[in-house]
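The sequence shown runs 74 to 377 under this note's numbering.
Since the structure comes first, as structure tokens, the remarks are kept for the end.
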Amino acid sequence: MRNLLREFSIQLTLCGVLGLPLSVIAQTAKPAGQTDWDRTIELAKKEGKVVVSLPASTELRAGIERLFEKRFGIDVEPIVGRASSVVRKMIDESKAGVRYVDLHMGGSESVVTGMLPEGVIEPLEPHMLLPEVKDPKQWWGGHIWVDNPKKFAYATLAYQSESLWFNSQLMKAADVRSFDDLLDEKLKGKIGILDPRTPGSGASMWSYLREVKGEDYLRKLVGQKLALSRDQRVLAEILAKGKIALVLGLTYYSYAPFIKAGLPVEPLPVPKEGVYVSGGSGHLVVLKRIRRMPTLRDYFSTGS
74 MRNLLREFSI QLTLCGVLGL PLSVIAQTAK PAGQTDWDRT IELAKKEGKV
124 VVSLPASTEL RAGIERLFEK RFGIDVEPIV GRASSVVRKM IDESKAGVRY
174 VDLHMGGSES VVTGMLPEGV IEPLEPHMLL PEVKDPKQWW GGHIWVDNPK
224 KFAYATLAYQ SESLWFNSQL MKAADVRSFD DLLDEKLKGK IGILDPRTPG
274 SGASMWSYLR EVKGEDYLRK LVGQKLALSR DQRVLAEILA KGKIALVLGL
324 TYYSYAPFIK AGLPVEPLPV PKEGVYVSGG SGHLVVLKRI RRMPTLRDYF
374 STGS
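Written out as structure tokens, the structure is:
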């Protein structure tokens, strides 16, 4: 079951990033003969469900339901929540000898600094079934791994992150052409940031600023009386409502509901120092194979 969704996730994500037609999936998902892929689909249909931890993206959930469930006739149970709490729950369950979640897709930091040291994920490459997926030469840039051993955490995408957003009623895009402009007195008390002390894009932005601007810059930035929050929804909302003028460390899906509602939130143009390249919440890991938590389906299927 995990093989099936993992294989499909890699193909679907990479096709989307590279602009390949979805017919590529159809072609590669129908190998001739009784292959490992065929057997995996058969076994997955018998089990009937896969549990996957996903980022809080309605578009991603809808895509899985529309493409994966429709194509293979297998239910996907999404587990959605803040990375810190979801990852902690998976680690605790694994240490208790229980695996409920099959796959996790999320940010790199929570995987590399949280799940990997705890030994709760297993190498991913053995789960790559189709030759056209397994062979890195088939993909532009090859396979991208974010862990040092290069076998546990697979980056299904890479992009220049839009993690600087502003309220267009309170400031203009031209007001911030460089990160140095964030130190302007007129922005004091008007800048928010996703708490960099927890895994996520706030920590990534903080690390990038330390790299390109130095620690003295960060001290001055803190002196701007930053609005800190670990709740992405809260930060996005107070920006949309005009309580602050600019937010660091939130990506598009945090603002999507407000953009659709016509509120004045816009991505800031890339500052002259540039921004980092990110895999976002597209990092894929497989939870270790241990005893799985029983569900009602299990009890009823045994006739008990």
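Even glycine gets a Cβ: it sits at the ideal position worked out from N, Cα and C.
From a predicted model like this one, the values you see are computed outputs, not experimental measurements.
- DSSP places aspartate 148 within a strand segment (E or B) once states are collapsed to three.
- Each residue's CA atom was taken as its position, placing histidine 356 and alanine 156 some 12 angstroms apart.
- DSSP places glutamine 305 within a helical segment (H, G or I) once states are collapsed to three.
- Put simply, the backbone Cα of leucine 176 is about 42 angstroms away from that of leucine 243.
- Counting only residues of its own chain and dropping the five nearest sequence neighbours on each side, valine 338 has a CB closer than 8 angstroms to the CB of Trp238, Phe239, Asn240, Ser241, Ala309, Leu312, Ala313, Tyr328, Phe331, Ile332.
- Valine 307 and threonine 271 have their C-alpha atoms roughly 16 angstroms apart.
- By the Cβ neighbour-count rule, tyrosine 232 is exposed, with fewer than 16 other Cβ atoms within 10 Å of its own.
- Closest in alpha carbon position to glycine 262, among Tyr173, Lys293, Gly352, is Lys293.
- Between the region 181-199 and the region 129-144, the count of C-beta pairs closer than 8 angstroms stays below three; the two stretches do not touch.
- Taking every protein chain shown into account, the CB of arginine 172 has 16 or more other CB atoms within 10 angstroms, so this residue is buried.
- Residue state for glycine 179 is assigned as strand, using DSSP reduced to three classes.
- The closest CA to that of glutamate 150, considering only Leu133, Glu195, Glu166, is found on Leu133.
- Annotation for leucine 294: the continuous alpha helix (DSSP H) segment containing it runs 288-295.
- In this structure, tyrosine 325 lies near glutamate 235, with their beta-carbon atoms less than 9 angstroms apart.
- Straight through space, the alpha carbons of isoleucine 147 and valine 123 are spaced by roughly 8 angstroms.
- Residues of the same chain with their beta carbon placed closer than 8 angstroms to that of aspartate 208 are lacking, with the five preceding and five following residues left out of the count.
- Using a 10 angstroms sphere on the CB of aspartate 165, the tally of other CB atoms stays under 16, which defines it as exposed.
- Looking from the CA of arginine 144, the closest CA among Ala226, Arg362, Val174, Lys118 belongs to Lys118.
- In this structure, glycine 322 and glycine 275 form a Cβ contact; the two beta carbons are roughly 3 angstroms apart against a cut-off of 8 angstroms.
- With a 10 Å radius around the Cβ and a threshold of 16 neighbouring Cβ atoms, glycine 170 comes out exposed.
- Beta-bridge analysis with DSSP links tryptophan 238 to Val320, Pro340.
- Within the same chain, Val359, Lys361 come within 6 angstroms of glutamate 195 by CB-CB distance, once the 5 residues on both sides are set aside.
- Within the same chain, and ignoring the five residues on either side of glutamine 297 in sequence, the residues whose Cβ sits closer than 6 angstroms to its Cβ are Lys261, Ile264.
- Distance from the Cα of methionine 178 is smallest, within the candidate group Ile266, Lys210, Phe225, for Phe225.
- Around the CB of serine 126, 16 or more other CB atoms lie within 10 Å, so the residue is classed as buried.
- Between valine 249 and leucine 341, the beta carbon gap of about 6 angstroms places them in contact (Cβ cut-off 8 angstroms).
- Nearest in C-alpha terms to glycine 353, of all of Pro128, Ala247, Gly347, is Pro128.
- Classified as buried, leucine 197 has 16 or more neighbouring CB atoms from the shown chains inside 10 Å of its CB.
- Separation of alanine 300 and glycine 215 (C-alpha to C-alpha, rounded to the nearest whole angstrom) is 40 angstroms.
- Sequence-distant Cβ neighbours of valine 219 in its own chain, meaning closer than 7 angstroms and more than five residues away, are Ser181, Val185, Ala226, Ala228, Gly352, His356.
- Under DSSP, the beta-bridge partners assigned to leucine 267 are Ser302.
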